[in-house]
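Chains as they are written, first to last, in the working numbering: chain A, 38 to 376; chain B, 89 to 910.
All residues carry an ideal CB built from backbone N, CA and C; glycine is no exception.
Everything numeric in this text was worked out from a predicted model, so none of it was measured.
Remarks on the structure that follows.
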Amino acid sequence: MSSTQVREVKRSARLQISRGMKTVLAGTIILYIASALLAPTSVSKVAQMGMLPFAACLAIVGLGQTLVIQQGGIDLSVAGAVSLTVVIVTWGPDRHDNRLIPAVIAAFAAAIITGFINGALITKTKLNSIVATLGVNSLLYGVMMALSGGSPRRTTERLSHFTNDKIFGLPHSIYFGIICAIVVTILVKRTVIGRRFEAVGANPRAALATGLKVGRYQVGAYVMAQILYCIAGVVLGGVISQPTAYQGDDYVLPSVAIVVLGGTSLLGGRGFPAASALAALFLKQLDMFVLSLGVPYGVRTLVISISLMVGIALYAVNWRSIRSKVGVKTKEERQLQAA
Amino acid sequence: MSRSPLILSNISKSFAGVAALRDVSLEVKEGEIHALLGENGAGKSTLMNIASGTLQPDSGTIEINGEKIDVLSPHLATSHGLAIVHQHPAVLPDLSIEENIRISVPEEFLLSEGSPAATMRKILDDFGFTVSIKDRVENLTIAQQHLLDLAKAFAVNPKVLILDEPTAPLGQESVEILFDRVKKIAQSGTSVVYITHRLAEVRELANRVTVLRDGKWRGVKAIADISDDEIMTMIVGRELESTFPPKHGSKSSDKQFFKVSDISGGEFQNVSLTANKGEIVGIAGVVGNGQSQLLRAIAGLDKFSGTIEINGEPITGKQLLNKAAYMPSDRHGEGLMMTLSVRENAAVNALNKLTSGIFVSRKKETDVVHSSLTALEVKAPSMDADVSSLSGGNQQKIVMSRSLLADPVLIIADEPTQGVDVGARAEIYKILREVAENGIPVIVNSSDSKELEGLCDRVYVMSRGHIVETLEGENITETKMVAAAISSTKLKKEDGPSVSEKTLRRRKILRSDGLPPTVLLGMIGLLAMFIYSKNHLYFGSYNINAVLGLGTGLGFIALGQTIVLMTGGIDLSVGPASGVLLCVGSFFINDGKSAPIIIIGFVLMIIVAILIGIVNGSLIRFAHFTPVAGTLTVYIALIGIGFLLRPAPGGYFNATITDLLLAKIGPIPYTFIILAGAAVVFELLLRRTNWGVRLRASGSNEESARRLGININRTIIGAYIASALFAAAGAVIIMGLIGLGDPAQGTTYTLQSVTAVVLGGTSLLGGRGSFIGSLLGSVLMVQVLNACVFLNLSQTWQYLFQGLLIVFAAISYSLTRSGGKK
Numbered sequence: 038m039s040s041t042q043v044r045e046v047k048r049s050a051r052l053q054i055s056r057g058m059k060t061v062l063a064g065t066i067i068l069y070i071a072s073a074l075l076a077p078t079s080v081s082k083v084a085q086m087g088m089l090p091f092a093a094c095l096a097i098v099g100l101g102q103t104l105v106i107q108q109g110g111i112d113l114s115v116a117g118a119v120s121l122t123v124v125i126v127t128w129g130p131d132r133h134d135n136r137l138i139p140a141v142i143a144a145f146a147a148a149i150i151t152g153f154i155n156g157a158l159i160t161k162t163k164l165n166s167i168v169a170t171l172g173v174n175s176l177l178y179g180v181m182m183a184l185s186g187g188s189p190r191r192t193t194e195r196l197s198h199f200t201n202d203k204i205f206g207l208p209h210s211i212y213f214g215i216i217c218a219i220v221v222t223i224l225v226k227r228t229v230i231g232r233r234f235e236a237v238g239a240n241p242r243a244a245l246a247t248g249l250k251v252g253r254y255q256v257g258a259y260v261m262a263q264i265l266y267c268i269a270g271v272v273l274g275g276v277i278s279q280p281t282a283y284q285g286d287d288y289v290l291p292s293v294a295i296v297v298l299g300g301t302s303l304l305g306g307r308g309f310p311a312a313s314a315l316a317a318l319f320l321k322q323l324d325m326f327v328l329s330l331g332v333p334y335g336v337r338t339l340v341i342s343i344s345l346m347v348g349i350a351l352y353a354v355n356w357r358s359i360r361s362k363v364g365v366k367t368k369e370e371r372q373l374q375a376a
Numbered sequence: 089m090s091r092s093p094l095i096l097s098n099i100s101k102s103f104a105g106v107a108a109l110r111d112v113s114l115e116v117k118e119g120e121i122h123a124l125l126g127e128n129g130a131g132k133s134t135l136m137n138i139a140s141g142t143l144q145p146d147s148g149t150i151e152i153n154g155e156k157i158d159v160l161s162p163h164l165a166t167s168h169g170l171a172i173v174h175q176h177p178a179v180l181p182d183l184s185i186e187e188n189i190r191i192s193v194p195e196e197f198l199l200s201e202g203s204p205a206a207t208m209r210k211i212l213d214d215f216g217f218t219v220s221i222k223d224r225v226e227n228l229t230i231a232q233q234h235l236l237d238l239a240k241a242f243a244v245n246p247k248v249l250i251l252d253e254p255t256a257p258l259g260q261e262s263v264e265i266l267f268d269r270v271k272k273i274a275q276s277g278t279s280v281v282y283i284t285h286r287l288a289e290v291r292e293l294a295n296r297v298t299v300l301r302d303g304k305w306r307g308v309k310a311i312a313d314i315s316d317d318e319i320m321t322m323i324v325g326r327e328l329e330s331t332f333p334p335k336h337g338s339k340s341s342d343k344q345f346f347k348v349s350d351i352s353g354g355e356f357q358n359v360s361l362t363a364n365k366g367e368i369v370g371i372a373g374v375v376g377n378g379q380s381q382l383l384r385a386i387a388g389l390d391k392f393s394g395t396i397e398i399n400g401e402p403i404t405g406k407q408l409l410n411k412a413a414y415m416p417s418d419r420h421g422e423g424l425m426m427t428l429s430v431r432e433n434a435a436v437n438a439l440n441k442l443t444s445g446i447f448v449s450r451k452k453e454t455d456v457v458h459s460s461l462t463a464l465e466v467k468a469p470s471m472d473a474d475v476s477s478l479s480g481g482n483q484q485k486i487v488m489s490r491s492l493l494a495d496p497v498l499i500i501a502d503e504p505t506q507g508v509d510v511g512a513r514a515e516i517y518k519i520l521r522e523v524a525e526n527g528i529p530v531i532v533n534s535s536d537s538k539e540l541e542g543l544c545d546r547v548y549v550m551s552r553g554h555i556v557e558t559l560e561g562e563n564i565t566e567t568k569m570v571a572a573a574i575s576s577t578k579l580k581k582e583d584g585p586s587v588s589e590k591t592l593r594r595r596k597i598l599r600s601d602g603l604p605p606t607v608l609l610g611m612i613g614l615l616a617m618f619i620y621s622k623n624h625l626y627f628g629s630y631n632i633n634a635v636l637g638l639g640t641g642l643g644f645i646a647l648g649q650t651i652v653l654m655t656g657g658i659d660l661s662v663g664p665a666s667g668v669l670l671c672v673g674s675f676f677i678n679d680g681k682s683a684p685i686i687i688i689g690f691v692l693m694i695i696v697a698i699l700i701g702i703v704n705g706s707l708i709r710f711a712h713f714t715p716v717a718g719t720l721t722v723y724i725a726l727i728g729i730g731f732l733l734r735p736a737p738g739g740y741f742n743a744t745i746t747d748l749l750l751a752k753i754g755p756i757p758y759t760f761i762i763l764a765g766a767a768v769v770f771e772l773l774l775r776r777t778n779w780g781v782r783l784r785a786s787g788s789n790e791e792s793a794r795r796l797g798i799n800i801n802r803t804i805i806g807a808y809i810a811s812a813l814f815a816a817a818g819a820v821i822i823m824g825l826i827g828l829g830d831p832a833q834g835t836t837y838t839l840q841s842v843t844a845v846v847l848g849g850t851s852l853l854g855g856r857g858s859f860i861g862s863l864l865g866s867v868l869m870v871q872v873l874n875a876c877v878f879l880n881l882s883q884t885w886q887y888l889f890q891g892l893l894i895v896f897a898a899i900s901y902s903l904t905r906s907g908g909k910k
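As structure tokens, then:
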């Protein structure tokens with residue numbers, strides 16, 4: 038009996054697809070089928086080409102938020118970070134292409150500094166992440182206003198080409214979203230730092246007891262997050278020809294929503310970057326779908342809220358205990374029983 | 089013959105198939121002090137938890153005051169005059185001593201000295217407290233917190249008083265006070281059940297003694313009729329449960345490998361010990377005598393003074409952290425990442441050796457983990473199974489696997505077989521022995537002396553933080569360990585007033601709830617003076633009215649947010665909630681509508697608010713959403729509902745009502761006066777009523793609060809309802825300000841309310857806060873925004889001031905609260 042079990046320990050699936058990923062993937066497929074049947078305009082090329090770049094930006098922001106939430110935090114400075122980047126890369130060059138690169142570099146430098154400030158406030162002075170990032174968000178808006186005065190400028194030609202030119206019929210921005218999702222997933226899932234990063238998020242006390250430098254991983258999360266917001270901001274600055282100074286406002290709560298939809302727990306631990314990114318597509322297409330149905334804004338928002346509630350309930354409610362009460366066994370329990 | 093207020097007969101109790109008590113009986117006579125003795129895990133605490141109604145026995149009967157009780161609950165036990173003091177004090181750190189007493193001592197017992205305050209003073213004086221009853225419990229030392237817990241139990245003048253190892257955390261002076269109190273209360277007719285591990289205490293206090301061993305009753309004797317040796321014989325002699333691998337035996341080739349010389353730390357003093365290659369070294373003693381803290385220190389996790397050497401080389405704590413592998417006793421809290429898989433847990437320390445290029449090599453990782461798990465005979469459905477799905481024994485093996493894969497030079501195991509079944513225990517012993525044989529010394533702390541007898545090559549016995557005995561070879565027996573532990577008369581180092589009165593007073597001021605409002609008031613005043621010096625229109629009645637008007641709406645919403653934060657939650661839905669409530673009102677409270685319709689409008693606002701609160705609270709308490717996730721969902725839903733109700737702003741409010749809302753006395757709106765009144769009233773409710781105490785108690789320490797009989801679900805859901813009702817009040821204020829229904833109004837109030845409350849000094853961790861602080865925080869927020877207009881500063885400054893204000897306020901509160909909390 039024990040020999041069969043020992044043999045089974047050897048098994049480790051090569052490719053694991055998380056529950057969050059399965060849920061979001063199934064949801065997205067069903068959503069696209071429903072869209073095609075009920076509101077064909079929402080899957081038209083025009084609609085998709087209009088929606089996808091924004092989904093990509095949301096996905097990139099969501100990847101950053103995933104990293105922070107993995108560490109049991111939450112980052113409300115998304116709004117200020119994205120807005121500031123957009124302003125730096127459009128206001129700074131003022132339609133002069135040759136000034137674009139320095140502006141982008143400045144944006145990344147600002148992002149990294151912001152990340153360290155967030156991280157230090159939370160790990161060193163032990164501030165609650167909500168309070169710290171709320172304060173930093175205000176500061177970022179302050180800097181943004183100081184730079185731009187709140188009135189927008191047109192994006193540069195070069196940035197516009199950089200994000201909107203097409204490869205295989207799809208604008209670059211979409212590829213940026215996909216590349217970021219792949220890179221973050223590989224970083225978290227396949228490197229030593231990433232794997233330990235997950236361990237720290239899952240249980241900082243245990244991580245400390247095994248000798249890991251917990252604070253560094255936590256600060257790292259906030260810095261990486263800012264870098265991702267910055268990438269999203271640069272892309273957004275190219276996608277929108279005349280961005281506003283408050284472009285980041287629309288990203289705060291949706292970014293938290295897609296992380297939660299993707300199955301990453303707000304209590305920290307294992308993160309699902311790819312699922313978060315796909316959830317961005319789900320959310321944007323859901324918006325597009327409901328919009329095409331011609332229902333009012335209120336209904337659209339309500340639908341998003343309901344999908345979020347269902348999504349969280351899938352993870353938060355202890356289905357295992359409910360199942361066992363009803364008498365249904367999980368796969369592992371069946372295996373154990375069989376062995 | 090005297091009566092017996094507590095009789096337990098033939099009690100049996102099993103946990104998950106393991107018998108903790110088998111057919112145990114105990115009779116406690118009126119006015120006697122009855123000692124209950126036995127080794128760690130003999131079943132003493134289980135028996136007392138049954139006597140106090142915390143646990144239900146599988147079989148047996150309970151008789152209190154001659155009345156047979158079928159199902160005993162903690163509440164029923166209390167009403168029958170039974171009081172119990174646990175090893176871990178049930179006190180609420182954020183509350184004052186007075187409030188802690190009030191929560192567990194009924195009013196009727198607080199009148200013996202005339203007023204409750206005088207009675208409380210007497211209760212505390214009896215236990216040698218010099219501190220004020222208004223002091224917060226977190227400012228007390230651990231020993232004082234225990235004394236407070238004891239004092240509470242003595243105060244209700246119980247028929248039966250159960251004390252579970254009361255002297256463990258106490259110093260000499262406090263022990264004497266306690267003994268004196270115990271003798272006095274017994275003289276007055278109270279029966280005392282006194283659980284202890286110390287024979288000296290038994291001799292000093294007890295009339296009779298009952299001994300348990302392995303969950304079985306060993307006998308009851310009058311203390312005068314039994315010698316210490318006879319008691320010892322009754323205590324020891326557990327049956328050997330597992331088989332142990334052969335010992336190392338001392339060899340001439342042995343050399344000292346790990347050497348600890350005279351180290352001291354928080355809970356242990358002047359400890360010296362050695363571990364040779366090939367050895368397993370045991371730390372024995374009664375649980376909670378500094379063993380775990382010693383292990384943490386030599387694992388490099390806690391600070392220590394003194395020297396530690398490996399192979400003759402001195403080594404620092406930081407280096408130890410990397411060289412020694414520590415296996416904590418709290419597997420769930422500190423040992424494992426419970427939500428991660430078996431493979432991820434086992435490999436985490438070894439990952440940097442399992443790479444190919446910059447990536448972790450799947451093959452290397454699965455190979456190494458697989459061979460480790462096979463060697464340790466781990467039973468798991470697969471390497472990808474969550475570690476939480478394994479049995480205790482297999483979880484412990486995962487901890488061992490991780491420790492071994494890290495290539496340590498030393499293994500430190502705290503209670504390695506706790507919660508592990510008998511079969512797996514033997515396997516764990518075998519693994520530890522193999523590890524030691526391979527040249528990695530193992531240091532084991534265990535509360536099971538039989539286990540140490542079977543496993544170890546040398547055993548150090550600890551008592552009150554000191555090593556009181558070293559046993560080697562033939563001398564490693566359970567009897568000798570128990571004898572050393574229980575006959576020790578060493579006392580804990582008295583943690584007396586090590587901080588000066590002056591620091592204490594300063595700390596008290598810094599941590600008081602009154603400080604933030606005072607500082608805020610000062611800031612508001614200074615800012616006002618500054619702006620006035622720049623622009624004399626500032627104190628114009630128009631401006632004062634505008635600032636206070638805006639501040640009132642935010643203020644009401646912030647008061648609600650304060651209630652929720654006090655419970656340790658957060659309510660993100662308050663902003664959109666006020667928007668929706670505004671829209672609800674805008675359909676009824678219009679010009680030309682009759683009075684009943686208008687009243688219906690207000691009633692509907694209240695009903696909708698209550699519903700919102702119930703949804704928030706239920707998502708959090710019943711569906712287990714985190715507060716952020718739950719109220720964020722509701723936030724988005726409420727925006728949707730708001731726009732469904734009113735896709736565009738509309739529905740002008742009744743002019744009579746808006747005029748009423750805008751009415752003012754001098755420059756000050758009446759509504760602001762109402763707000764200030766509400767803040768004061770709620771501040772008083774918070775301090776003076778049971779509701780306030782319950783609210784802060786559930787945010788301060790949910791577990792203690794539950795033990796003290798507070799209904800947590802009701803308290804917290806109630807807080808979310810209160811928060812939504814305050815959002816409704818905020819909506820009424822907005823009604824006056826903008827005059828029509830607009831769903832977009834309000835969303836900004838969510839983060840503004842959190843900011844205002846944080847400025848006011850309420851902690852996001854729950855347990856404490858101030859409504860007056862939140863009110864002033866709201867005023868300051870609005871004032872700062874308004875200041876920029878008056879000083880001709882751009883919006884940039886509005887944002888910067890806001891941001892700096894939040895960050896600095898939060899940092900300074902965080903520092904003042906952690907300051908001195910050593």
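Please report how far the alpha carbon of residue i lies from the alpha carbon of residue j, in whole angstroms.
i, j, result
"methionine 471/B", "threonine 331/B", "29 Å"
"valine 193/B", "glutamate 503/B", "37 Å"
"valine 115/A", "serine 292/A", "8 Å"
"methionine 181/A", "proline 90/A", "24 Å"
"alanine 246/A", "leucine 389/B", "7 Å"
"phenylalanine 859/B", "isoleucine 138/B", "42 Å"
"serine 792/B", "isoleucine 800/B", "11 Å"
Note down, in chain order, each residue of its chain lying with its Cβ closer than 7 Å to the Cβ of residue i, except the 5 sequence neighbours on either side.
i, result
"valine 271/A", "Thr122, Val126, Val141 and Ala144"
"proline 496/B", "Lys411, Ala412, Ala413 and Ile528"
Skipping 5 residues on each side, what residues in its chain have a beta carbon closer than 6 Å to that of residue i?
i, result
"glutamine 374/A", "With a pLDDT of only 45 at glutamine 374/A, under 50, the local geometry of the prediction cannot be trusted, and no value is derived from it."
Which same chain residues end up closer than 8 Å to residue i when comparing Cβ atoms and leaving out the 5 residues on each side of it in sequence?
i, result
"arginine 922/B", "Nothing can be reported for residue 922/B, as the shown portion of chain B is limited to 89 through 910."
"leucine 493/B", "Ala434, Ala435, Asn437, Ala438, Val456, Val457 and Ser460"
For residue i, is the classification buried or exposed, using 16 other Cβ atoms within 10 angstroms of its Cβ as the cut-off for buried?
i, result
"histidine 198/A", "exposed"
"glutamine 284/A", "buried"
- Item | Stretch-stretch touch, CB-based, cutoff 8 Å, three pairs: the segment 176 to 183 of chain B with the segment 207 to 223 of chain B | The segment 176 to 183 of chain B, when compared against the segment 207 to 223 of chain B, does not touch it at the 8 Å Cβ threshold.
Residue ranges of each alpha helix (DSSP H) within the segment 240 to 291 of chain A, 4 or longer: 241 to 246 and 251 to 276
What alpha helix (DSSP H) runs, 4 residues minimum, are completely inside the segment 403 to 427 of chain B?
-> Segments of the alpha helix (DSSP H) lying fully in the segment 403 to 427 of chain B: 405 to 411.
Cβ contact check for the segment 369 to 385 of chain B and the segment 532 to 540 of chain B: 3 or more pairs under 8 Å = These segments touch.
Point to revise | Completely contained alpha helix (DSSP H) runs for the segment 448 to 487 of chain B, where each covers 4 or more residues | key: 450 to 463
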